[in-house]
Structure formats: C-alpha cells, structure tokens
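Those protein sequences? They're chains A and B, same order as listed. Each residue of the first sequence is one higher than the one before, starting from 1 at the first, in the numbering used here. Each residue of the second sequence is one higher than the one before, starting from 208 at the first, in the numbering used here. All C-beta atoms in this analysis are idealised placements derived from N, C-alpha and C, irrespective of residue type, glycine included. Quick notes on the structure that follows.
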Amino acid sequence: MNHDHTLNPETMPQEPEKATLEGKNKFLGLWFFLGGETVLFASLFGTFVALRNSTAGGPTSQEMFGLGLVFIMTVLLLTSSLTSVYAIYHMKNNNFKLMQLWLGITGLLGLGFLSLEIYEFAHYITDYGFTFRSSAFGSAFYTLVGFHGGHVIFGVSWLITLLIRNAKRGLNLYNAPKFYIFSLYWHFIDVVWVFVFTVVYLMGKVG
Amino acid sequence: MSSIAATQKRRSFGAFLWDYLTTVDHKKIAHLYLFGGGFFFLLGGLEAMIIRIQLIKPENDFVSAGIFNEMFTMHGTTMIFLAAMPLIIGLMNAAMPLQIGARDVAFPFLNALSFWLFMFGGILLNCSWFLGGAPDAGWTSYVPLAITSPGHGVDFYIAGLQIAGAGTLMSGINFLATIVNMRAPGMTYMRMPLFTWTTFITSVLIVFAFPPLTIGLFLLMFDRMFGSAFFDVALGGNAIIWQHLFWIFGHPEVYILILPIFGIFSEVFATFSKKRLFGYTPMVFATMLIAFLGFMVWAHHMFTVGMGPMANSIFAVATMAIAVPTGIKIFNWLATMWGGNVQINSAMLWALGFIPSFTIGGMTGVMLASVVADYQYHDTYFVVAHFHYVIVGGTVFGIFAGLHYWWPKMFGRVLNEAMGKLTFWTFFIGFHLTFFIQHFLGLMGMPRRYWVFLEGQELDLGNLISTIGAFFMAFGVVVFLINIVYTAMKGEQAAADPWDGRTLEWTVASPPPYYNFKQVPLVRGLDALWVEKTEGRGEMTPSEPLDDIHMPNSSILPFIISLGFFIAGFGFIYQPDNKLWYIVLYGGMAISVGAMIVRSVKDDLGYYIKKEELEREAD
C-alpha cells in the first residue's frame with residue numbers, strides 16, 4: 001500500500017477511492033452501513049405512519065405544516081447533493097482546490113438546511129405548543145425528523161473534520177476514500193429526506 | 208519465531224494486559240470474545256440455576272417474586288446478547304479470516320471496538336444488580352410493563368443493550384467487507400467453507416436486524432427517560448409498536464444464533480467423516496433461504512395479539528416453510544456421514560447430539576406455527592421447552608462443538624478428550640431431563656415466568672425432574688471449565704493440522720503467527736487443503752512471492768471510546784432523578800467523541816513486517 005503524497009494528475013489512478021484495499025473496504029463497509037441505516041429509518045417511518053394521526057387533541061399536521069419552508073429546505077439539501085457530486089468529479093480529476101471549494105459549499109448548504117429545521121421546530125413549539133411530549137404524533141414527528149437532522153449534523157461535522165485535517169495535504173490514496181465515502185453518506189441523507197418530505201409533509205398536508 | 212517469541216515469553220502481566228487491551232488482531236479479539244462470552248454464559252447459567260431451584264417444589268420461597276422476575280429477565284437477556292452471540296462472534300473471529308486466507312478482518316480497529324462495546328454494554332447491564340435491582344420486564348421487555356416497571360432496572364437494559372448492539376452491528380459490517388474483499392486468490396464464493404458462508408449470511412442478518420432493535424430501544428428510552436408518548440395510550444401511543452420492532456429484530460436474531468452453528472456442524476461432520484460435505488450447494492442456498500424467510504415470520508410471536516386471521520395465516524404458512532430448508536440441512540448432514548469414515552470424538556459427539564435435539568426443537572416449532580394450536584401453547588412451558596431445544600440443543604451444542612474443534616487452532620493445545628466426553632454426556636442427558644418434561648408441563652397448563660406453582664396440580668414431579676436435569680448440565684459445564692484449566696497446564700501441544708482437516712485454517716501453525724499467512728495461499732477448489740492432500744503435494748501453493756506484510760497498529764482508542772459510552776450510560780439512566788447527572792452524560796460522550804476525533808485526525812498507516820524478518824523465521 002503506497003501512501004505517496006506526491007501523486008500528480010498523471011500518476012493518480014482512475015478511481016483513487018478504490019485503488020487500495022483499505023479504500024475498497026471503506027467503500028464496501030459504508031454501503032453495508034447504509035443498508036443498516038435504511039432499516040433504521042424504515043423502522044422510524046413505520047412508527048411515524050402508525051402514530052401520525054394520534055394527536056391526542058393537539059395540533060394536527062394539516063394545521064401546522066407549511067410547504068413553503070419545507071420546499072426551501074428540500075431545495076437546499078438536494079442542491080448540496082449535487083455540489084458533492086461536483087466535488088467528487090474534481091477529486092477524480094485530482095483537482096484538490098476545486099474539490100475543497102465544492103465540499104465547502106456542500107457544508108454550507110447543509111448548515112442552511114439545519115438552521116431552517118431549527119427554525120421550523122421552534123415555530124411548532126412556540127406557536128402551537130406542539131412538543132416531543134405533547135402527543136404520540138409529536139414524539140414520532142420529532143424522533144423521525146430529528147433523527148434525520150441528527151444525521152445531517154453528524155455529516156456536517158464529519159465534513160468539517162475532513163476538510164480541516166486535510167486542508168494542506170492535497171489528495172492522496174489515503175484520504176481519497178475518506179472524501180468519497182463522505183459523499184456516499186451525504187447522498188443517503190438526501191434520499192432519506194425525499195422520503196421525509198413525502199411521508200411526513202406531503203402526506204401530512206394532503207392525506 | 209526468533210526475537211518476537213522470546214520477548215513474548217518473558218513479558219510481565221502488565222504488558223500482557225496492555226497487549227489485550229490494545230490488540231486489533233482478530234485471533235486475540237477472538238480470545239477476548241470467548242472470555243467475555245464465557246463469563247456471561249456462567250452468569251446466565253447461575254441465574255438459570257436459581258430459577259430451577261425456586262421451581263423445584265410447589266410454593267417454594269427460595270427467592271421472592273421480584274427477584275425471580277429479575278432472574279428470568281437477566282437469564283434470557285444475558286444468554287442471548289452477552290453469551291451466545293459473543294461466543295459465536297468469537298468463533299467467527301478465530302476461524303473465518305483463516306478460512307478465506309486473509310491476514311485479518313477488513314477493519315481491525317472496528318473489530319476491537321465491537322468487542323469493547325459488547326463488553327462494556329454487558330458490564331453496564333449487570334451493574335444493575337448492585338444499583339437497585341436488575342431489569343424485570345422479561346428479555347422481550349414488553350410495554351406497558353417495561354414503561355411502568357419502577358426503579359432503573361429497565362433503564363439498564365436499554366442502555367446496556369444499546370451499547371452492546373452497536374458493537375454487534377459493526378461486527379456484521381466488518382465480516383461482510385472481509386469476506387467480499389479479502390478472499391485469497393482462487394477462493395471463489397462457491398469454494399468458501401460453509402462456516403464462512405454462514406458467517407457471511409449471518410452478518411447480513413445482523414446488519415438488517417439490529418437497527419429495528421436500536422429504534423425500539425430508543426423509543427423505550429425516550430418514553431422512560433425523556434417523557435415522550437410512543438407507548439402512552441393516553442396520548443395516542445400504541446404498545447404494539449414495541450412488539451413489532453422487537454420481533455422484527457428478534458426473529459432474525461434466532462437465525463443469527465443458529466446459522467453460524469449450522470456452519471460449524473458442517474465443518475465438523477465433513478472433517479470427522481472424511482468426506483466432502485454432502486450437498487454443498489443446496490446447503491448454501493438453504494442457508495440463504497432460511498435467512499430470507501427469517502425476516503418474514505416475526506409476527507408468529509404475536510398470534511394472540513389480535514392481528515386478525517389473514518395476517519396470522521400468512522405468518523403461520525411462512526413459518527412452516529422454514530422447516531423445508533432446515534430439513535434439507537438435516538438430511539445433508541446425515542448423508543455426509545453416510546458411508547464416511549466416521550471418527551467419534553468430543554466435537555463429533557456434540558454434532559451427533561445436535562441432530563435429534565434440534566429436530567425435536569424444529570418439530571415443536573412447526574407445532575407452534577399453527578395459529579389455532581398456538582392459542583393453547585402461548586406463554587406456557589411448551590414455548591420454553593421449544594426455544595431451549597433450538598437454542599441449547601442447537602446453539603450451545605454447536606458452540607461446544609466449535610470450541611472442541613478450533614481449540615487447538617486458537618490456543619495451541621487439544622482439549623482433553625475424556626473430560627470432553629464427560630461434559631457431553633452429562634450436559635446432553637441433563638439437557639433432555641430439564642427440557643423434555645417441560646413440553647408436558649406446558650401442555651398441562653403451566654405458564655412461563657410464574658415464580659411459584661401450586662401443589663396438587665400434577666406439576667410437582669415434572670418440575671423436580673427438570674431441576675435435577677439442570678444440575679446435570681451445571682456439572683457438565685464445571686467439567687468443561689476444569690478441562691480448560693487442565694488443557695492450559697498439561698494439554699498436549701497441537702500440531703498445525705490435528706484433525707486431518709480440509710480447510711485453510713489447518714495450513715498454518717497452531718496457534719497461527721500474528722500475520723496468519725506468510726504467503727497467501729492459492730486455492731484450487733472446495734476444501735482447499737483437502738484438494739492439495741489428495742491431488743497435490745499435501746500443502747498449499749503460495750499465490751505470491753514472499754514480500755513485506757502490511758499490519759495494522761494496536762490502539763487503546765477502542766477501549767476508551769467504549770468506556771466513554773459506558774460512563775455516559777449511567778448519565779442517561781440517572782438524569783431523570785437529578786439533572787446533575789447530565790454532567791456524567793456529557794462527560795462520557797465527550798470522552799467517546801474525543802477519542803473518535805483523535806482516531807479520525809491521526810493517520811494510522813500501520814506498519815510493515817520486512818521480508819528479511821520473515822525469511823529469518825524458521826518455517
């Protein structure tokens with residue numbers, strides 16, 4: 001395993017993230033992890049669907065949810081998935097600076113999503129008295145959406161750690177898999193949000 | 208083995224301890240799993256003995272009702288999560304990388320982390336005994352009982368299993384990546400030993416079955432500690448959600464416990480019959496089929512909940528279908544022995560004892576799958592008898608077989624045969640004495656989990672016989688412990704291949720060098736070593752020239768990360784009492800997260816064993 005730090009665009013392999021056994025293992029391990037995460041979120045979705053009408057006399061989803069805010073959140077997160085694709089594109093071309101730039105934008109979009117989510121939760125709590133403890137619907141809502149938000153927080157922290165640690169190192173076969181599997185994780189968070197948007201907000205508003 | 212072996216012999220106990228605390232070597236992690244799992248097996252066995260002593264006669268008062276509830280809860284929880292699974296994962300760690308010709312698992316650091324998470328989770332759970340009482344809502348921890356159970360017992364159950372479960376999930380991912388990416392040249396999927404196959408399929412089960420438990424435990428934790436309302440009917444909650452989440456985990460879990468055992472028996476039958484495993488391909492596909500169906504049958508634990516005749520019927524039929532691939536396996540094992548040169552030793556005795564015992568358990572399983580009949584059996588000793596026939600008669604027998612079979616490879620010495628046979632016979636007889644009669648106690652109406660039964664209901668004799676059987680089993684286990692100590696002191700040194708084996712683990716020394724294979728072997732067929740013995744020159748052909756070997760660095764971080772979660776666990780458990788416990792909660796999390804950040808930012812490139820050093824070592 002050669003961790004040569006002086007790789008240049010000519011010596012960089014086509015898929016630097018899978019050029020070493022460590023890289024291959026990380027790539028595959030993260031896919032299996034995402035398999036487990038899928039079941040994790042499926043369990044949460046199942047619980048939410050079972051409890052989404054159990055409002056115990058409190059506010060219902062039709063009364064509270066505003067699709068405008070959630071639409072902006074969706075745009076932010078889906079765009080961040082696109083920017084992480086750009087980052088990986090530049091990684092494969094061994095353009096470290098542009099990869100850093102697009103990953104930075106990805107992180108900022110993630111932070112934007114998070115601030116809107118915090119605003120959304122605060123809005124429900126202060127204006128509607130809708131909390132984690134007020135009804136089974138409340139518990140299920142905050143747990144499902146909060147688990148997703150927690151994953152976004154973890155993803156952003158992961159990204160920041162990666163960017164700071166590797167700020168001055170350039171790309172090599174040791175850190176390329178790390179950037180790559182971050183982007184895989186980030187796409188997964190996006191996919192989960194598509195389901196959150198559909199099941200929680202669209203079905204909550206219309207269904 | 209020049210300088211390394213010499214320094215290892217002279218080192219102090221402190222160095223020995225530090226070695227095991229920081230090891231990332233799959234073989235040493237296997238030792239740790241066997242030690243940890245063995246410890247909890249004895250603890251769970253002790254709890255079982257207390258249960259049986261309490262039930263030795265009608266209206267006994269050996270323990271109080273409250274203690275009895277704690278005993279059966281902790282017996283089940285300990286045996287499933289802290290004894291059976293770790294022992295199995297220990298055997299997987301010991302044998303699987305060797306069987307595929309790998310030098311370690313895909314993520315050695317994560318492997319160590321898995322072990323320490325399990326160990327600290329188990330210790331946390333058992334701390335409850337000294338801190339106001341153990342969990343007492345059953346190993347299934349059904350709500351609303353688990354929500355209303357006073358004290359912190361159930362909180363310890365939640366925190367302990369959450370930590371241990373995270374470790375198990377990582378093991379699953381680790382083994383999957385190992386088997387996909389790190390097989391030796393020529394080791395195609397359909398040439399993998401059956402134990403490696405079952406490890407692979409079991410790991411898939413772990414990855415998909417543990418997250419529902421994680422979520423279930425989170426919901427229970429939120430309800431008990433943070434005031435949410437998932438199971439609070441007054442606020443619209445639903446108690447059945449717990450049962451679904453628990454059994455979506457819980458049923459695949461029983462296949463997690465039995466599939467690797469099928470793998471062990473397949474190795475044992477083939478080796479000691481001197482025959483290739485009969486029906487290798489159907490065995491692989493039967494394992495897959497069992498795993499697949501295992502996810503489709505969880506609601507057969509919930510027939511009496513009232514899901515309606517349609518749901519009950521579907522789950523009943525799916526459950527009965529599992530008998531088909533399992534039957535294929537039983538017949539394949541019998542056919543493997545048919546016409547073989549059968550050699551009967553301790554490992555083989557456990558395998559032979561397994562077939563009738565497990566078949567009885569499978570048969571009562573089909574009986575229980577019948578919905579109408581299940582209304583009669585539900586929550587009686589018939590169920591207790593059934594699952595002990597599959598878990599003891601299957602899993603525990605298999606663990607004993609695996610221990611006897613791989614002990615020389617793991618520890619370099621062969622377990623004593625005479626004591627091995629004594630253990631088998633006393634345990635085997637004791638097992639059937641204990642549990643066979645429980646079928647009839649159940650049919651006569653004795654409910655499970657009751658701390659006393661009344662006189663004059665014709666339950667006295669059956670319970671007495673059952674308790675006597677339990678003492679036979681305990682005797683067998685004690686003999687096994689003596690055997691371990693005796694073997695460590697005076698046991699005969701094991702050759703590299705003491706059983707005339709068929710697979711790759713028998714091509715390296717016993718115990719193997721820390722890098723496993725000096726040169727990764729070239730695999731030319733199923734039962735790679737046997738192929739070379741019968742058609743080659745009796746040893747493996749290397750697939751690569753001798754070269755530097757890349758090795759992972761040892762690390763104390765897995766221990767520290769797990770310790771942090773252990774401390775944080777106490778914070779979670781006690782913060783409803785006093786908000787000052789948040790200091791412990793955040794302090795523990797800070798230790799764990801801090802150690803993870805250290806792990807992330809510090810490059811861990813491993814080291815190389817130089818080619819020259821390998822050449823110096825005698826072959």
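Does the distance from the CB of residue 303 of chain B to the CB of residue 402 of chain B come in under 9 Å? For the purposes of this step, residue 303 of chain B is taken as the residue at position 96 of the second sequence. For the purposes of this step, residue 402 of chain B is taken as the residue at position 195 of the second sequence. Contact: yes.
May I ask you to verify whether the region 86-104 of chain A touches the region 119-136 of chain A, counting CB pairs closer than 8 Å and requiring at least 3? Result no; under three Cβ-Cβ pairs closer than 8 Å.
Which word fits residue 822 of chain B, buried or exposed, when buried means at least 16 other C-beta atoms lie within 10 angstroms of its C-beta? Counting from 1 along the second sequence, the entry for residue 822 of chain B is found at position 615. So residue 822 of chain B ends up on the exposed side.
Option nearest residue 453 of chain B by Cα separation, candidates B/558, B/750 and B/420: Here residue 453 of chain B corresponds to residue number 246 of the second sequence, with the count starting at 1. Checking every option, the nearest Cα to that of residue 453 of chain B belongs to B/420.
How would you call residue 223 of chain B, buried or exposed, if buried means at least 16 neighbouring beta carbons within 10 angstroms? In the second sequence, residue 223 of chain B corresponds to position 16, counting from 1. With fewer than 16 other Cβ atoms from the protein chains shown falling within 10 Å of its own Cβ, residue 223 of chain B counts as exposed.
Check whether the Cβ atoms of residue 714 of chain B and residue 746 of chain B lie closer than 9 Å to each other. Here residue 714 of chain B is taken as the residue at index 507 of the second sequence, counted from 1. Here residue 746 of chain B is taken as the residue at index 539 of the second sequence, counted from 1. Against a cut-off of 9 Å, the Cβ pair of residue 746 of chain B and residue 714 of chain B comes out as a contact.
Please state if the CB of residue 462 of chain B and the CB of residue 422 of chain B are separated by a distance shorter than 9 Å. Numbered from its first residue, the second sequence carries residue 422 of chain B at position 215. Numbered from its first residue, the second sequence carries residue 462 of chain B at position 255. No, the pair does not count as a contact, with Cβ atoms beyond the cut-off.
Indicate whether residue 573 of chain B and residue 526 of chain B have their beta-carbon atoms separated by less than 9 Å. For the purposes of this step, residue 573 of chain B is identified with residue 366 of the second sequence, where counting begins at 1. For the purposes of this step, residue 526 of chain B is identified with residue 319 of the second sequence, where counting begins at 1. For residue 573 of chain B and residue 526 of chain B, yes; Cβs fall inside 9 Å.
Using 9 Å as the limit for Cβ to Cβ distance, is residue 366 of chain B near chain A? Position 159 of the second sequence, counted from the first residue, corresponds to residue 366 of chain B. Taking Cβ atoms only, chain A never reaches closer than 9 Å to residue 366 of chain B, which makes this a no.
Which of the three DSSP states, helix, strand or coil, is assigned to residue 731 of chain B? The residue labelled residue 731 of chain B in the question sits at position 524 within the second sequence. Per DSSP, reduced to three states, the secondary structure at residue 731 of chain B is coil, with no helix or strand assignment.
Which same chain residues, not among the five before or five after residue 1 of chain A, have their C-beta less than 6 Å away from its C-beta? Against the first sequence, residue 1 of chain A aligns to sequence position 1. The predicted position of residue 1 of chain A is uncertain, since its pLDDT is 42 and thus under 50; a value taken from the coordinates is nonetheless stated next. Correct list, in chain order: 20.
Could you list which residues in chain A have their beta carbon closer than 8 Å to that of residue 444 of chain B, in chain order? Walking along the second sequence from the start, residue 444 of chain B turns up at place 237. Within 8 Å Cβ-Cβ: 51, 54, 136 and 139.
Check whether the region 28-36 of chain A touches the region 108-125 of chain A, taking contact to mean three or more Cβ pairs, one atom from each stretch, closer than 8 Å. Short answer: they don't touch.
Taking buried to mean at least 16 other C-beta atoms within 10 Å of its own C-beta, is residue 208 of chain B buried or exposed? The count along the second sequence starts at 1 and reaches residue 208 of chain B at position 1. Because the pLDDT of residue 208 of chain B is 35, which lies under 50, any placement of that residue in the model is unreliable, and the number read from its coordinates should be weighed accordingly. Around the beta carbon of residue 208 of chain B, a 10 Å sphere encloses fewer than 16 other beta carbons of the protein chains shown; the residue is thus reported as exposed.
Between the C-alpha atoms of residue 626 of chain B and residue 686 of chain B, what's the straight-line distance to the nearest angstrom? Residue 626 of chain B sits at position 419 when you count from the first residue of the second sequence. Residue 686 of chain B sits at position 479 when you count from the first residue of the second sequence. The straight-line gap from Cα to Cα measures roughly 7 Å.
Same chain, Cβ closer than 6 Å to residue 437 of chain B, neighbours up to 5 away in sequence not counted: The sequence position of residue 437 of chain B within the second sequence is 230, counting from 1. So the qualifying residues of the chain are 426, 430 and 444.
Taking C-beta pairs closer than 7 Å, name the residues in chain B that residue 39 of chain A reaches, listed in chain order. By 1-based counting over the first sequence, the position of residue 39 of chain A is 39. Chain-order list of chain B residues neighbouring residue 39 of chain A: 415, 418 and 419, by C-beta distance under 7 Å.
Same chain, Cβ closer than 6 Å to residue 360 of chain B, five either side skipped, listed in chain order: Taking the second sequence and counting its residues from 1, one reaches residue 360 of chain B at position 153. Closer than 6 Å at the Cβ level, and outside the excluded window around residue 360 of chain B, lie 335, 340, 341, 342 and 343.
Coil, strand or helix - residue 694 of chain B by DSSP: Counting from 1 along the second sequence, the entry for residue 694 of chain B is found at position 487. In the structure shown, residue 694 of chain B sits in a helix (DSSP, three-state: H, G or I).
Reduced DSSP category for residue 655 of chain B - H, G, I as helix; E, B as strand; rest coil: Sequence index remark: in the second sequence, residue 655 of chain B carries index 448 (1-based). In the three-state DSSP reduction, residue 655 of chain B falls in the coil class, being neither helix nor strand.
Buried versus exposed call for residue 681 of chain B [16 or more other C-beta atoms within 10 Å across all chains shown]: Taking the first residue of the second sequence as position 1, residue 681 of chain B is located at position 474. Buried: at least 16 other Cβ atoms inside 10 Å.
Would you kindly work out how many angstroms separate the C-alpha atoms of residue 754 of chain B and residue 724 of chain B, rounded to a whole number? Counting from one through the second sequence, the residue named residue 754 of chain B turns up at place 547. Counting from one through the second sequence, the residue named residue 724 of chain B turns up at place 517. Answer to the nearest angstrom: the Cα atoms are 11 Å apart.
Is there at least one Cβ from chain A nearer than 9 Å to residue 435 of chain B's Cβ? The residue labelled residue 435 of chain B in the question sits at position 228 within the second sequence. Closer than 9 Å: yes.
CB contact below 9 Å: residue 219 of chain B versus chain A: Against the second sequence, residue 219 of chain B aligns to sequence position 12. Chain A, which has no Cβ nearer than 9 Å to the Cβ of residue 219 of chain B, makes this no.
Need the endpoints of the beta strand (DSSP E) that residue 816 of chain B sits in, please. Walking along the second sequence from the start, residue 816 of chain B turns up at place 609. 814-816 is the extent of the beta strand (DSSP E) around residue 816 of chain B.
From residue 632 of chain B to residue 517 of chain B, what does the alpha carbon distance come to, in whole angstroms? Translated into the one-based positions of the second sequence, residue 632 of chain B becomes position 425. Translated into the one-based positions of the second sequence, residue 517 of chain B becomes position 310. The alpha-carbon atoms of residue 632 of chain B and residue 517 of chain B are separated by roughly 45 Å.
Determine, using beta carbons only, whether residue 17 of chain A and residue 73 of chain A come nearer to each other than 9 Å. The sequence position of residue 17 of chain A within the first sequence is 17, counting from 1. The sequence position of residue 73 of chain A within the first sequence is 73, counting from 1. No.
Report yes if the C-beta distance between residue 734 of chain B and residue 655 of chain B is below 9 Å; otherwise report no. Position 527 of the second sequence holds residue 734 of chain B. Position 448 of the second sequence holds residue 655 of chain B. At a Cβ-Cβ threshold of 9 Å, residue 734 of chain B and residue 655 of chain B do not count as neighbours.
So the candidates are A/65, A/140, A/90 and A/157; which of them puts its Cα closest to the Cα of residue 808 of chain B? Taking the second sequence and counting its residues from 1, one reaches residue 808 of chain B at position 601. If we check each option's Cα against that of residue 808 of chain B, A/157 comes out closest.
Alpha carbon to alpha carbon, how far is residue 636 of chain B from residue 676 of chain B? Give it in angstroms, no decimals. Position 469 of the second sequence, counted from the first residue, corresponds to residue 676 of chain B. Position 429 of the second sequence, counted from the first residue, corresponds to residue 636 of chain B. In this structure, the alpha-carbon of residue 676 of chain B lies about 7 Å from that of residue 636 of chain B.
Between which two residues does the beta strand (DSSP E) carrying residue 758 of chain B extend? Counting from one through the second sequence, the residue named residue 758 of chain B turns up at place 551. That run of the beta strand (DSSP E) goes 756-758.
Output yes if chain B places a C-beta closer than 9 Å to the C-beta of residue 143 of chain A; else output no. Along the first sequence, one-based indexing puts residue 143 of chain A at 143. Yes, its Cβ sits closer than 9 Å to a Cβ of chain B.
If you measure from the beta carbon of residue 385 of chain B to each beta carbon in chain A, is any gap under 9 Å? Taking the first residue of the second sequence as position 1, residue 385 of chain B is located at position 178. Residue 385 of chain B belongs to the set of residues whose beta carbon lies under 9 Å from a beta carbon in chain A.
Give the secondary structure of residue 52 of chain A by DSSP, where H, G and I count as helix, E and B as strand, and everything else as coil. As a working note, residue 52 of chain A is residue 52 in the first sequence. Shown here, residue 52 of chain A sits in coil according to DSSP, grouped into three states, outside any helix or strand.
Would you check if the distance between the CB atom of residue 181 of chain A and the CB atom of residue 77 of chain A is smaller than 9 Å? One-based indexing of the first sequence puts residue 181 of chain A at position 181. One-based indexing of the first sequence puts residue 77 of chain A at position 77. In this structure, residue 77 of chain A does not lie closer than 9 Å to residue 181 of chain A by Cβ.
Using a Cβ cut-off of 7 Å, pull out every chain B residue sitting near residue 43 of chain A, in sequence order please. Against the first sequence, residue 43 of chain A aligns to sequence position 43. Neighbours of residue 43 of chain A on chain B, chain order: 418, 419, 422 and 452.
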